[in-house]
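Just so you know, the sequences run in chain order A and B.
Take the first sequence: its position 56, counting from 1, is numbered 56 in the working numbering, and each next residue is one higher.
Take the second sequence: its position 90, counting from 1, is numbered 171 in the working numbering, and each next residue is one higher.
Here's the structure, in C-alpha cells; my notes come after.
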Amino acid sequence: MSTRLRIFEAMQQIAEEQKVALPPLQDDLQLHETGFDSLAFAILVARLEDDLGIDPFTVADNVAFPSTIGELVRSYENVPV
Amino acid sequence: MRMFRSEISALREYLDPEIRGRGLSDARQSVSLTGILGVTCLGGRLHELAGRSVLLAVEDQLISAIAMTEMDGVAWRMLLCPPDLNSAHLQSLIEDADIDVVVTDRPARWTDAGAYLVVVAHLPVPALARAKTRRPTEWLMLTSGTSGPPKIVRHMLDGLAGAIIAEGPARHPNATWATFYDIRRYGGLQIFLRAVIGGGSMVLSDPAESVSDYIARLRARGVTHISGTPSHWRKVLMSGAAANFSPRYVRLSGEIADQAVLDGVARSFPRASISHAYASTEAGVGFAVDDGREGFPSGLIGPNRDGVEMKVVDGSLRIRSPRAARAYVGAGTPAIADADGFVDTGDMVELRRGRYHFVGRRGGIINIGGLKAHPEEVESAINRHGCVRMSRARSRRSPITGAVVVADVVLADGTAAGRHETIRAEILGLCKDSLASYKVPAVIRFVERLDVTAAGKLARAEA
Numbered sequence: 001m002s003t004r005l006r007i008f009e010a011m012q013q014i015a016e017e018q019k020v021a022l023p024p025l026q027d028d029l030q031l032h033e034t035g036f037d038s039l040a041f042a043i044l045v046a047r048l049e050d051d052l053g054i055d056p057f058t059v060a061d062n063v064a065f066p067s068t069i070g071e072l073v074r075s076y077e078n079v080p081v
Numbered sequence: 082m083r084m085f086r087s088e089i090s091a092l093r094e095y096l097d098p099e100i101r102g103r104g105l106s107d108a109r110q111s112v113s114l115t116g117i118l119g120v121t122c123l124g125g126r127l128h129e130l131a132g133r134s135v136l137l138a139v140e141d142q143l144i145s146a147i148a149m150t151e152m153d154g155v156a157w158r159m160l161l162c163p164p165d166l167n168s169a170h171l172q173s174l175i176e177d178a179d180i181d182v183v184v185t186d187r188p189a190r191w192t193d194a195g196a197y198l199v200v201v202a203h204l205p206v207p208a209l210a211r212a213k214t215r216r217p218t219e220w221l222m223l224t225s226g227t228s229g230p231p232k233i234v235r236h237m238l239d240g241l242a243g244a245i246i247a248e249g250p251a252r253h254p255n256a257t258w259a260t261f262y263d264i265r266r267y268g269g270l271q272i273f274l275r276a277v278i279g280g281g282s283m284v285l286s287d288p289a290e291s292v293s294d295y296i297a298r299l300r301a302r303g304v305t306h307i308s309g310t311p312s313h314w315r316k317v318l319m320s321g322a323a324a325n326f327s328p329r330y331v332r333l334s335g336e337i338a339d340q341a342v343l344d345g346v347a348r349s350f351p352r353a354s355i356s357h358a359y360a361s362t363e364a365g366v367g368f369a370v371d372d373g374r375e376g377f378p379s380g381l382i383g384p385n386r387d388g389v390e391m392k393v394v395d396g397s398l399r400i401r402s403p404r405a406a407r408a409y410v411g412a413g414t415p416a417i418a419d420a421d422g423f424v425d426t427g428d429m430v431e432l433r434r435g436r437y438h439f440v441g442r443r444g445g446i447i448n449i450g451g452l453k454a455h456p457e458e459v460e461s462a463i464n465r466h467g468c469v470r471m472s473r474a475r476s477r478r479s480p481i482t483g484a485v486v487v488a489d490v491v492l493a494d495g496t497a498a499g500r501h502e503t504i505r506a507e508i509l510g511l512c513k514d515s516l517a518s519y520k521v522p523a524v525i526r527f528v529e530r531l532d533v534t535a536a537g538k539l540a541r542a543e544a
C-alpha cells in the first residue's frame, strides 16, 4: 500500500473513532478543514510512526509543519527511511 | 490480653511458646515458630550486636526472619536489605545509617573488617541462652522507588505493627500467611509481623520459583491468608495456577487495585474475603477496604478510630498516623511529614460519587498539550476488557501535543491473533466511555509480557 493510502486510511480510522466528518481527502484540502484537532493529528502522527517507521516532524529541527493534505503526504514521502 | 500489652517493645514478646503448631517455612526448609526463641541464626553472637547499628544483608529470607526476631530489642537499629538492592548504593547506606555491624550469609562479600564487625548468619541452631529485650530497636527500611538511590526510612515496631494490633488477634485466627513480597520490604514485613504478632504461621516466597510452583507450595502448606500487589495477582490469574488454591483471605496492596483485578481475584477465589489496603513505606498502613470495590469510601477522610487521619490537599492523599515512619535517616534528608504531621503520599485521588479513586502518582503524570493524564487511570479502563491480563500506559513524545498516551497490553493466553483488531477497537471503546478523549491511548500495542519490579510493581520506565 502506498504511503498516501496508508495515511488516508489512518485518517479515516481516526475520524471514525473521534466522530469527525472527514471531507473527501485531496491534496489541496487544508488541514484545518479536515475537522481534526491537534489531538487527532497527534494520534495520526503516533500511529503513522508505528506503521511507517518514521515521524517526519521530529527527525529534524527545522521541519515546516504542513498546511495541506498534499504537504502532509509529502512530509512522509520525502523522509528517507 | 497478655500478648497485646502496650509496654511490649520487641518481637520476641509475641512469640508465646505456649501456642503450639506455628511454623515458618520457605521452599527448602521449615522451622517451628513455637520454638523460635530457643534458636539462633547468629552463632551465639547476639550479645555483640547490643546497642549497635546492624545492616541485615542476608539473602535467605528465612534466616533473615529469625535474625530479625533475635535482634529486635537488642540492637540499636537494623537496616533491612532487600535481596535486589543495588550494591552501588551500599556504601552510602552504611554511612547514612552509621552501620557498625554487618549480619550476612555471604561473608566473603564483606571484607572491610576495619569499618564494621561481620557476623555470619546461618540456619538456626539451638541457642545457649535466651535473649532479653533491652531497648526498642529502630527498624530501618528502604523505599522502593524505581530510580536513584533508595531512601532509608526509620520505623519503630509499635508503628509497624499498629494496624495489626488495632485489628486484634481475633481478626485472623489460626492463619497461615504468605506473601508474594520479600519480607524485607514494607508490604512483606507487614505479613511477617501479622504471622508473628497475630499468632499464625508463615510461608515465605522464593524469587527463583515460578508462580505455579509457589502456589502449589502454598496449597501444600495450607496457606489461608495471602497478600501481593495487583501485578502479582494479575500474574497469578494469568498463570491458571489459582484453580486449586482456596485461601480464606486475599489482600492486595502496593499498587492501585482497579475493579478488574478485584473482580478477577473475586472470581478466582470465591470463598475468600478480599481486601485492598493502602500502605506506603513512609506513611505506614493507612487503611484496608473490604467491600470489593476500587477506591475507598469518602468517609475515611478525616480522623479515624484507629488514630489515622487522612485529608486530600491539591489532589494528593495526606496521612497523619502513629504508623508512619519517624524520619528519613541520613545527612540532609527532608522531613517525612509536614509541620502538622501529615505525610504527603504523592498518590493522587479523585472524588466520584462519594468514593475516592486513586488515579496515579504525582510524578507519573503525562502532559498532553497541557492536559494531564495518569497512566494508572488509563490502565484501569483498559483492564476492564475481559481479554486483557495487564496493561501499561505511558507517555510518548509528540511533535504536536508534546506527548500522547500509548498503551502496551498483555492479552489472556489463547487469545487468537485474528481477534486483535476487534479487541483493539473494543478497548478504545471502553476507554472512550470512561476517559476524556486526550486520555484515550493514541496507539495500543499488544505485547507478550510486561515487566514487574522486584517490589512487585509494574515497571514504569519513566517513573
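C-beta: ideal position from N, C-alpha, C; glycine also.
Quick caveat: nothing in here was measured; it's all calculated off a predicted structure.
Query	Result
Cβ pair residue 206(B), residue 222(B) closer than 7 Å	no
Within chain B, the residues that residue 57(A) reaches when beta carbons sit closer than 8 Å	480 and 481
Residues of the segment 27 to 57 of chain A with Cβ closer than 8 Å to any Cβ of chain B, in chain order	38, 39, 41, 42, 43, 45, 46, 47, 50, 55 and 57
Residue environment, residue 456(B), which counts as buried when at least 16 other CB atoms sit within 10 Å	buried
Under 7 Å from the C-beta of residue 17(A): neighbouring residues of chain B	509
Cβ separation of residue 125(B) and residue 208(B), assumed to be a contact under 8 Å, to the nearest whole Å	7 Å
Chain A within 7 Å of residue 247(B), Cβ atoms only	no
Chain-ordered neighbours of residue 498(B) on chain A, where CB pairs are closer than 8 Å	Within 8 Å Cβ-Cβ: nothing; residue 498(B) doesn't reach chain A, min ~17 Å.
8 Å Cβ shell around residue 543(B) - same chain, five flanking residues per side excluded	Unreliable positioning characterises residue 543(B) in this predicted model, as indicated by a pLDDT of 47, which lies under 50. The coordinate reading is nonetheless provided below. Within the same chain, residue 543(B) has close Cβ partners 445, 475 and 476.
Cβ of residue 491(B) within 7 Å of any chain A Cβ	no
Cβ pair residue 156(B), residue 218(B) closer than 7 Å	yes
Beta-ladder partner(s) of residue 220(B), from DSSP	159(B) and 236(B)
Residue 98(B) versus residue 464(B) - alpha carbon distance	47 Å
The segment 303 to 316 of chain B contacting the segment 259 to 271 of chain B, beta-carbon criterion three pairs below 8 Å	yes
Exposure label - residue 414(B); buried when at least 16 CB within 10 Å	exposed
Exposure of residue 280(B), with buried meaning 16 or more beta-carbon neighbours within 10 Å	buried
Within-7 Å CB hit, residue 543(B) to chain A	Only weak support exists for where residue 543(B) lies, its pLDDT of 47 falling under 50; the coordinates are left without a value.
Distance CB(residue 181(B))-CB(residue 143(B)) smaller than 7 Å	no
Cβ-Cβ separation, residue 284(B) to residue 300(B) (assumed contact under 8 Å), whole Å	That pair is no contact at about 10 Å.
Under 7 Å by beta carbon: chain A residues contacting residue 470(B)	Within chain A, no residue comes near residue 470(B); the closest Cβ sits about 22 Å away, beyond 7 Å.
Local Cβ density within 10 Å of residue 47(A), reported as buried at 16 or more and exposed below that	buried
Spatial neighbours of residue 296(B) in its chain, beta-carbon cut-off 6 Å, leaving aside the 5 residues before and after	322 and 326
Burial state of residue 338(B), where buried means 16 or more other Cβ atoms lie within 10 Å	buried
Cross-chain neighbours of residue 450(B) in chain A, by beta carbon under 9 Å	38, 39 and 42
Proximity winner among 34(A), 43(A) and 26(A), relative to residue 5(A) (alpha-carbon distances)	26(A)
Close beta carbons around residue 82(B), own chain, < 6 Å, minus the five adjacent residues each side	Caution applies to residue 82(B), whose pLDDT of 40 falls short of 50 and renders its modelled position unreliable; the model cannot decide the point.
Spatial distance of residue 115(B) from residue 538(B) (CA atoms)	34 Å
Residue 185(B) classed as buried or exposed, judged by whether at least 16 other C-beta atoms fall within 10 angstroms	buried
Rounded C-alpha distance that separates residue 35(A) from residue 71(A)	17 Å
Buried/exposed call for residue 520(B), threshold 16 Cβ in 10 Å	buried
Same chain, Cβ closer than 6 Å to residue 230(B), neighbours up to 5 away in sequence not counted	170
Neighbour list for residue 488(B) in chain A, Cβ cutoff strictly below 7 Å	In chain order: nothing, as chain A lies at least about 11 Å away.
Three-state secondary structure assigned by DSSP to residue 378(B)	strand
Between the CA atoms of residue 514(B) and residue 289(B) - distance to the nearest angstrom	41 Å
Touching by the beta-carbon criterion (3+ pairs, under 8 Å), the segment 411 to 428 of chain B and the segment 368 to 382 of chain B	no
As assigned by DSSP and simplified to three states, the class of residue 531(B)	coil
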